[in-house]
Amino acid sequence: MATSSSSSPPFEVEECRGVLRVYSDGSIVRSSNPSFDVPVLDDGSVLWKDLLFDLINRLHVRLYKPANCSSSTSLLPIFFYIHGGGFCIGSRTWPNCQNYCFRLALHLSALVISPDYRLAPENRLPAAIHDGFAALRWLQAQALSDHPDPWLSHVADFSRIFISGDSAGGNIAHHLAVGLGAGSPELAPLRVRGYVLLGPFFGGTVRTRSEAEGPKEAFLNLDLIDRFWRLSIPPGSTTDHPLVNVLGPWSRDLEAVELDPMLVVVGGGDLLKDRAVEYAEKLKEQGKMIELVEFEGKQHGFFTIHPNSEAANQLMLIVNRFITQNSG
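Residues are numbered in the working numbering as their position in the sequence shown, beginning at 1, plus a constant of 6.
Structure representation (structure tokens):
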């Protein structure tokens with residue numbers, strides 16, 4: 007007698023860096039282990055703690071500040087760092103994220119805020135983007151409170167906020183920039199001064215040259231890019247969805263949108279390079295204050311994979327300069 011297919015055990019249909027597995031019956035298994043098996047380099051020069059910013063979805067931010075800062079010193083700029091992971095993996099708790107935030111807080115002399123956001127496929131887009139806005143509204147509530155968290159009161163400069171996103175986080179940062187507009191008036195008394203997009207994760211149905219010709223052994227290869235989009239875009243959509251292809255046929259016309267200054271950073275060996283370059287050049291043509299920096303030959307996420315490399319150190323100097331230039 008033939009065995010019914012319904013009695014067959016579920017099989018794996020999608021896998022992302024060993025930490026996310028999706029099965030044929032719709033079940034999802036997430037590993038508690040990060041995909042980056044690196045030690046946390048906590049030498050005490052930067053202090054950190056977690057705070058809950060979304061009670062319903064149990065989302066946290068991780069705050070970092072230089073250990074030598076005090077209420078007697080000048081207020082610190084606030085630097086948001088939104089992690090990457092193709093909208094499907096990653097966390098503020100992953101060691102690669104934490105180590106990079108240590109470096110950001112120390113070398114930028116900033117209070118760094120690293121928020122989590124809901125991940126796909128359990129929570130497809132636009133959930134992650136909504137969570138980015140929620141993290142900013144939490145900070146606004148802190149600024150308006152008579153009793154803000156002591157790490158923020160007399161330490162954080164709410165008028166000097168910079169929003170940075172790495173990969174998928176860069177996509178979120180773009181949508182925050184467009185949604186808030188120049189000066190971020192709806193966030194008062196917060197004031198966003200600029201955005202730093204690090205290898206932003208944009209897509210589209212037509213392959214770019216860097217996607218089509220990029221090495222299959224790349225850290226972020228085409229198979230993985232496609233897998234992330236399959237798992238994260240709204241059901242029934244394509245990668246020309248406005249949340250994915252921000253310059254696509256159904257996306258908002260950005261020409262009339264006033265934006266704060268933006269720094270776009272890309273690795274020359276990143277398959278996402280062409281989309282980031284096209285994005286920056288298009289916005290620059292529209293008169294936006296856009297700076298594009300390309301690191302020749304570098305892979306996607308080079309600054310967190312090799313945080314002490316010459317390129318990563320150079321990037322830190324560029325980000326520091328960007329903050330200084332846009333803090334007035």
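Don't be surprised by glycine CBs; every beta carbon is placed ideally from N, CA and C.
Here the structure is a predicted model, which is why all the values come from computation and not from measurement.
- Along the region 223-274, the alpha helix (DSSP H) occurs as fully enclosed runs of 4 or more residues at 228-238, listed in sequence order.
- Apart from sequence neighbours up to five positions away, the residues of its chain that approach Met295 with a beta-carbon distance below 8 Å are Leu265, Asp266, Pro267, Met268, ordered along the chain.
- When the Cα atoms are used, Ile135 and Gly50 turn out to be separated by approximately 32 Å.
- Under the DSSP definition of a beta bridge, Phe93 lacks any partner.
- In the three-state scheme derived from DSSP, where H, G and I count as helix and E and B as strand, Ala73 is classed as coil.
- Positions of the beta strand (DSSP E) runs, each at least 3 residues long and wholly inside the region 95-172, are given as 117-121, 162-172 in order along the chain.
- Between the alpha carbons of Ala133 and Ala179 lies a gap of roughly 14 Å.
- Taking Ser257 as the centre and dropping the five residues before and after it, the same chain places the C-beta of Pro248, Asn251 closer than 7 Å to its C-beta, in chain order.
- In terms of Cα proximity to Gly90, the closest of Gly185, Val272, Gly205 is Gly205.
- Per DSSP, reduced to three states, the secondary structure at His312 is coil, with no helix or strand assignment.
- One thing to note: Phe93 has its Cβ within 8 Å of the Cβ of Ala174.
- By the neighbour-count definition (other C-beta atoms within 10 Å, threshold 16), Leu226 is a buried residue.
- In this structure, Phe139 sits near Gly185, with a CB-CB distance shorter than 8 Å.
- For the pair Ser97 and Gln146, the Cα-to-Cα distance works out to about 23 Å.
- Here Ile62 carries a coil assignment [DSSP, helix/strand/coil].
- Gln292 and Arg36 have their C-alpha atoms roughly 43 Å apart.
- Using a 10 angstroms sphere on the CB of Phe17, the tally of other CB atoms stays under 16, which defines it as exposed.
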